[in-house]
Structure formats: structure tokens, C-alpha cells
Amino acid sequence: MPVEEEDTRKVQTAVAGSPGADHPVYLPMDAAAYDRFIREHPTRTFYCGTLLGGCGKKLSARKYRDKKCHFAHVVAGRCRRVFTNEASADHLYMGRALAAWIKKQKFKNVQVRYKQRGQSPREIVDITYTRDGSSLTHLMRVQLARRSKTEWEHTDTELNKQWAGLQWLFGPDSMLANWQMDRQGYAIRIQCRPSGVTRVVEVGVQFPDAPVEWVSLAECRMTVHGIQPPALEFTPPGLVRRDDRPSDHDLVQPPSSAPHHAQDTRQLPSERSGSVLATAPSALIRQPRPSDAPKHETPQHGNRESPARPAQVPNDALRAPAPSLEQLCEADDSRATERMVSLLDHLDRVGDDLHLDQLHAVLREITACQEAMWRPLGSPLARRAAAWRAHAEAIADRPTFREICALADRVRWALGIAAARTARPFTWMELGERLDTRLPTLHPDDKVSVLVEVDRGTCSDRPLLSALLAARGNRVHPLYGQVLDHLDRPFPAPEEAQTSWEADFQEQRRLRGGKEKEYRVMVL
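What follows is the structure in C-alpha cells.
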């Protein structure tokens, strides 16, 4: 029996059952968790799933103690799967978890679809369902890939015409949640996080003035308007933000109804003048007066003839002891520290996925907590806060998505003219000299984003306009493969990349060569 050729590329996610299945499996990198993983999958039948963008071939789980555990291909060919990390199957985790949860909420005809025509299976997840007793079909769309605002709004209009109801959920990389938030006041977000030998789905609500608080699906409800996280409340017109602010009645309760340490002292740190410090205890605590006590006892034994005696209440029982100024300061610092720890933990979990304006909003709240403290902040917390501020400053110069689209429009125009007037490709440095000096200094991820937007509307049977950009020496640019992958184009093997790119470049020149006389350079 011939020995099968092994491909040792590291893969962390696969599917179980069959090559086209949507049952994702996640192999933890730690050897200690490998045995538990195998116990949960005794058949050890894993595939490089087609819904993962894979080849459909069989995978084997490898256990290592000196390096990370991973899946390896057992094939005689080559796999062109690009995304192999732990998040590469998140769309399958989300689809299966949402479908099972909607069924549990007693909705009918629940179906999941991952791959739409002309799109990668990792871009969107659609879940359709009907309400009990109704034939109308509703759609829940999980948007995972980036789209321009115009594309998204057009899609939203078309989907609302097709379905009885539509609800959007936005993944970490979709870049569309801000526009939804501007339109309806909030946006529902979805993400996956590792938990043992699997990945769990979490849902959060993004508001303009607060960081996203993530909860599990089990904490949400399914309504006629779609998924309802705890941060939203149900109303007949639709889901709205839940108002958790205390009412005026709650703010004037007497101190006898709660322990003394629960008194509200939030105003104290912002008023540090001597007069406030002198009057803080008496101003913050409502003192009951002897006149507030009942003046008569209820007659007993049915004796209506005898007058009731005045109640004998000790004076000490009528006056609650006021907390000291030291206690008030400690309570303030404790609340501020607790809030800071919560915010920093939140940044450690999802800070890298936040937009810059969201990150600045969290950092402003951390600064407010720090300034409200009476005593200096502890060194560990101060260092964590300073690290996140430095990170925000480092990414402040990265372009926004709107700026990416604006740069893409200019690059598209320049490359379209250049294809008819030059026999060689451009470099990023030359584009910077002609269009914008920022272009050569962009982060590689931002360069990919610009080129993806340049070719977003390029027909699938034509080469990419991005093929007119190259590295020095007329070599294929290292980012060209990433652009092909983002646009769901075939990705050549490394040894074939140069030949494939040269063919795309020549074809792009041939298609645009006939338009050379349509352009005229005018010097004003």
C-alpha cells in the first residue's frame, strides 16, 4: 500500500462528518487539551471543509508537546485554503449556534445558508425562520465581510423587499456597525471566543456612548423583531435601548432602607472645595427627625375608650450614624477602581477589534475614573491604562474606512489611465509621487484594503486592476495574493505567483490598450 504524502501546514479548524459539512471542530494548541478533544471526537474523521474555503481532503489531528498541536493534511495534492487559524470557522459556529437557539425559542422552519452566489462562505451567514402559526419568512443576516456603505444600503433595501422581517448582526471585521448605529441608535454585534475544545458565540449591543458588553446567547431572547440582548427591551414598534437609570423615587429613599455604606457619594469627588468637605456627611445622608415618628400607638385589646400613649423611641434610634469622610473617600475609590478594572479587562478581550472612536470612548471613561479617585492609582492598573493609551496613539494615523474608499477612487482612476499609457507596472512609491504621499507609508493591511476597494466592482471574468501594481524589478507584489483572496479569486501557489501575475498584467494591458487615444494630458 503506497504511503500517503503529508502536508504539514498548520490548521487549527476543520469540519467533522463530511467535506461539505457545517460541523466545525477546533483543535486547541495546548497538548493538555488534546486528549479531551479526542474524547469528544472518537472517530477522528476530520476534513478541510469546503465551507471553510478548503480542498475537502482529510485531515489528521497531531499532538505535540514541544510545539502547538494542529491538523495536518493527508493528501496527494495542494490545498489553496488561506485562512486556517482558530477564527477561520467562526461563521460555522455562529450559524449552527444561532439556528439551534432560534429552534429552542419555538420558531419554525429554521434554515442556515453560508454561501451566496459570487461570495465566499466566510462573508455572510443567513438564517431564515417563520413564527408559529405564520407562513411569512424572516431573515437574520450575520454580516462578516466588509462592504461599502452604498453596497450595504442597497442590500438592506433589497432584503427588506424579499423578507417579512430583517435583522442585521455584525461580525468583528464587517466595518458596518457604525452606520447601523447611526441609523437606529444601536447595532447588534456577534463574535466567537475559545472555550476549552470549542468556541462559543457571544452577542453584544454597540451604542454610541458605551463599550460593547458581551453576553452569551442563552441570556438573549428571540422576539418578533429578532434577537433581543439584555441591553435592549421589547416594544411593539421595535427593540429600543433599555433604560437602567434609577428613577427619582429611588434616589430619595431614606437611609434606614439600605446599609450605610450603600449611600450615593458619586458627587463627592468632583467637588473638592473645603465647604463641600465640611458639609459632605450631613448633605449626603437624610436624617430622620423625631417629628417623623408616629405620635400614637395603635389601641390594643379592642379598648377604644383608653387613649393611646405616646411612643417611647430612644433618640439614638432616630439618628443614623454618619459615615466618616475617610469612609466616603474609600467607597469612591473602590467604585472607581472596580470600574477601571472592568474597562481594562474589556479592552484586553476585544480592544484590538474596536474602532478608534470606540477605543477613545473607553479610554475617556478610564481617565474620568482615574481623575475621580482621591488616592493615586495603583501601579499595575496605571501601567495597563498607559499601554492602551500608547496603543491608541500608535493607530491614530491609520486611515478610516471612508478614507480608504477615497484613496481607492484616486488609485482606480490613476491605474485606469496608466494601463493605456505605460508598458510597465507602477510601484507604491510612484503612486505616492503622483497621487498622495501617504500611499507608500500605509500599513500593509491598509494597502490591501485600498486595492480591494479598487477592484470591488471588477467583473469576475476580467483580471484585477491591482495587477498594474508591482514590487520593484517588475516582480509580483507580496500583497497581490491577499487581494485575490479577499475578492474570492483563485490564489496561485507560491512558485506560480509570478507567472500568474504577469498573465493578469498583460491581459489588463490588452483590454485597455484600445482606449489609449481617449485620454489627453493637459498641463495648466
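The opening position of the sequence shown corresponds to residue 0 in numbering that gives the first Met the number 0, with each subsequent residue numbered one higher.
A virtual CB, placed ideally from N, CA and C, is assigned to each residue, including glycine.
Note that this is a predicted model, so its numbers are computed, not measured.
Taking contact to mean at least 3 C-beta pairs separated by less than 8 angstroms, is the segment 395-414 in contact with the segment 427-436?
A contact exists between the segment 395-414 and the segment 427-436.
Straight-line CA distance for F206 to Y128?
Spanning the two alpha carbons is a distance of roughly 27 angstroms.
Inter-residue Cα distance where the pair is P120 and R474
31 angstroms
Among residues of its own chain, excluding the 5 on either side of A98, which ones have a beta-carbon nearer than 7 angstroms to its beta-carbon?
So the qualifying residues of the chain are V109, V111 and I126.
Can you look up C404 in the DSSP assignment and give me helix, strand or coil?
If DSSP states are grouped into helix, strand and coil, C404 belongs with the helices.
Given a threshold of 16 other Cβ atoms within 10 Å of its Cβ, counted over all protein chains shown, does A469 qualify as buried or as exposed?
Burial call: buried.
Under the three-state reduction of DSSP, which class applies to P491: helix, strand or coil?
coil
DSSP state of G480, grouped into three classes?
helix
Do D503 and P462 have their CB atoms nearer than 7 angstroms?
Contact flag set, yes.
In angstroms with no decimal places, state the Cα-to-Cα distance between V223 and A360.
32 angstroms
Assigned secondary structure, D454 (DSSP; H/G/I helix, E/B strand, else coil):
coil
Please report the straight-line C-alpha distance between D438 and L510, rounded to a whole angstrom.
Position check: residue 438 holds Leu in this sequence, whereas Asp was assumed. Their backbone Cα atoms lie some 26 angstroms apart in a straight line.
Out of Y479, S448 and D460, which has the shortest C-alpha to C-alpha gap to D172?
S448
Rounded distance between the beta-carbons of L58 and A71, thought under 8 angstroms:
7 angstroms
Exposure of V36, with buried meaning 16 or more beta-carbon neighbours within 10 Å:
What sits at residue 36 in the sequence shown is Phe, not Val. Result: buried.
Would you grab the beta carbon distance between I101 and M221 for me? Rounded to a whole angstrom, and I think it's under 8 angstroms.
6 angstroms
Based on DSSP bridge pairs, tell me the residues matched to K107.
T129
Buried versus exposed call for P306 [16 or more other C-beta atoms within 10 Å across all chains shown]:
The predicted model places P306 with a pLDDT of 47, which falls under 50 and marks its position as unreliable, so this point remains unresolved.
Straight-line gap, S17 to F106 (C-alpha atoms, nearest Å)
28 angstroms
Whole beta strand (DSSP E) elements within the segment 17-98, 3-residue minimum
DSSP runs (the beta strand (DSSP E)) wholly in the segment 17-98: 23-25, 57-61 and 69-73.
With DSSP collapsed to three states, give me the class of A15.
Reduced to three states, the DSSP call for A15 is strand.
By the three-class DSSP mapping on this structure, what secondary structure does M221 have?
strand
What residue does the beta strand (DSSP E) around T234 start on, and which one ends it?
Looking at the DSSP string, the run of the beta strand (DSSP E) that includes T234 is L231 to T234.
Please classify G164: does DSSP put it in a helix, a strand, or coil?
strand
If contacts are defined as beta-carbon pairs under 8 angstroms, then R240 and G184 qualify, I think. What distance do you get, rounded to the angstrom?
6 angstroms
Classify H476 as buried or exposed, calling it buried when 16 or more other Cβ atoms lie within 10 Å of its own Cβ.
buried
Closer than 6 angstroms by C-beta to Q299: which residues in its own chain qualify, once you throw out the five before and the five after it? Chain order, please.
Annotation note: pLDDT 44 at Q299 (below 50); position unreliable, coordinate value reported separately. None.
Report the rounded CA-to-CA distance for E212 versus G350, giving the unit in angstroms.
Answer to the nearest angstrom: the Cα atoms are 12 angstroms apart.
If you reduce the DSSP assignment to three classes, tell me which class T197 lands in.
strand
Close beta carbons around A30, own chain, < 7 angstroms, minus the five adjacent residues each side
For A30, where only same-chain residues beyond five positions count, the Cβ hits under 7 angstroms are K62, Y63, R64 and C68.
Are the segment 131-148 and the segment 227-239 in contact at 8 angstroms, needing three or more beta carbon pairs?
no
Within this structure, are the beta carbons of L358 and A391 separated by less than 7 angstroms?
yes
Let me check understanding here. Comparing Cα to Cα, which of R374, A492 and G53 lies closest to Q326?
R374
Apply the 10 Å Cβ neighbour rule to L21 and answer buried if 16 or more other Cβ atoms are within range, or exposed otherwise.
Per the sequence shown, the amino acid found at residue 21 is Asp instead of Leu. Result: buried.
Buried versus exposed, by CB contacts within 10 Å (16 or more), P235
exposed
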